[in-house]
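A.B. asks: Under the numbering used here, the final residue of the sequence shown carries the number 172; numbering is consecutive throughout. The structure follows.
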Amino acid sequence: MVFRSLLLLPLALFSACAPLAAHDRLGELSTILGEAEREEAPKYARYEFTKASLYLEEARAKNGYGDYATAEAYATEGSEYARTALQTAKQRRDLERRRKRNEPVAPAAPTAPVTPPTAPLQPEGTTPPTAPVSPAEVTPPDTTPAPPIEAPPPKKKLLPPGMGGGQ
6 MVFRSLLLLP LALFSACAPL AAHDRLGELS TILGEAEREE APKYARYEFT KASLYLEEAR
66 AKNGYGDYAT AEAYATEGSE YARTALQTAK QRRDLERRRK RNEPVAPAAP TAPVTPPTAP
126 LQPEGTTPPT APVSPAEVTP PDTTPAPPIE APPPKKKLLP PGMGGGQ
């Protein structure tokens, strides 16, 4: 009896570590996601932030059902996405701020007034009409009906020899 107790003692000790590891990973993921949210990751790194959030939800669900190994794996994967979201959000937000600082406040006024063209523009190689055209000189469009479309002949059915076909 004592021998069995000694065999089960390491098993009991190691099984207690599984919930702690999953819990630590969940805490890490939650912390990184919070920091990413403060850096506006939902705006600048939508995909990564959403993916990390979904991994957090799933890891919490697995942890709640006692599937600690899967919860830890999901939390670890989610942490990678959360770190990527945090880094991407910082970079894109900083880039946007730099662009805003470099933009002029108001558009610059043109230096010379723009004058409209004096004559209408014509495509190259054409000449403008010299005199108005009378309606009598215009040829009417062709109004003859198009010939009817004939239906194609029916396709012959190809049957293997001995299968009928009217022989």
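Backbone N, C-alpha and C define an ideal beta-carbon position, used for all residues, glycine too.
Where does Y79 fall in DSSP's three states?
C.D. replies: Looking up residue 79 in the sequence shown gives position 74. Y79: helix per DSSP, three-state reduction.
A.B. asks: Kindly indicate which three-state DSSP category K56 falls into: helix, strand or coil?
C.D. replies: Here residue 56 refers to the residue found at position 51 when the sequence shown is read from its first residue. Reduced to three states, the DSSP call for K56 is helix.
A.B. asks: Confirm, please, whether the CB-CB distance from A90 to A41 is below 8 Å.
C.D. replies: Looking up residue 41 in the sequence shown gives position 36. Looking up residue 90 in the sequence shown gives position 85. Yes, these two residues count as a Cβ contact at 8 Å.
A.B. asks: Among D72, D147 and E44, which one has its Cα closest to the Cα of E101?
C.D. replies: Sequence index remark: in the sequence shown, residue 101 carries index 96 (1-based). Answer by Cα proximity: E44.
A.B. asks: Determine the DSSP secondary structure at P158, reduced to helix, strand or coil.
C.D. replies: Counted from its first residue, the sequence shown places residue 158 at position 153. Coil at P158, not helix or strand.
A.B. asks: Suppose contacts are defined by Cβ-Cβ distances below 8 Å. Is A57 in contact with G39 by that definition?
C.D. replies: In the sequence shown, counting from the first residue as 1, residue 57 sits at position 52. In the sequence shown, counting from the first residue as 1, residue 39 sits at position 34. No, these two residues do not count as a Cβ contact at 8 Å.
A.B. asks: Kindly list the residues whose CB is nearer than 7 Å to the CB of Y79, restricted to its own chain and excluding five residues on each side of it in sequence; keep chain order.
C.D. replies: Taking the sequence shown and counting its residues from 1, one reaches residue 79 at position 74. Taken in chain order, the residues that qualify are Y60, E63, A64 and K67.
A.B. asks: By how many angstroms is the C-alpha of L31 removed from the C-alpha of G71?
C.D. replies: For the purposes of this step, residue 71 is identified with residue 66 of the sequence shown, where counting begins at 1. For the purposes of this step, residue 31 is identified with residue 26 of the sequence shown, where counting begins at 1. So the two alpha carbons sit approximately 14 Å from each other.
A.B. asks: Look at A87 and L34 and say whether their C-beta atoms are less than 8 Å apart.
C.D. replies: Walking along the sequence shown from the start, residue 87 turns up at place 82. Walking along the sequence shown from the start, residue 34 turns up at place 29. Cβ distance < 8 Å, so A87 and L34 count as in contact.
A.B. asks: So which of Y49, P24, A50 and F54 has the shortest CA-CA distance to T36?
C.D. replies: Counted from its first residue, the sequence shown places residue 36 at position 31. The residue with the shortest Cα to Cα distance from T36 is F54.
A.B. asks: Does DSSP classify P165 as helix, strand or coil?
C.D. replies: To locate residue 165, count along the sequence shown from 1; it is residue 160. Coil, per DSSP.
A.B. asks: CB-CB under 8 Å to D99, same chain, minus the five flanking residues each way: which ones, in chain order?
C.D. replies: The residue given as residue 99 occupies position 94 in the sequence shown. Residues of the same chain with their beta carbon placed closer than 8 Å to that of D99 are lacking, with the five preceding and five following residues left out of the count.
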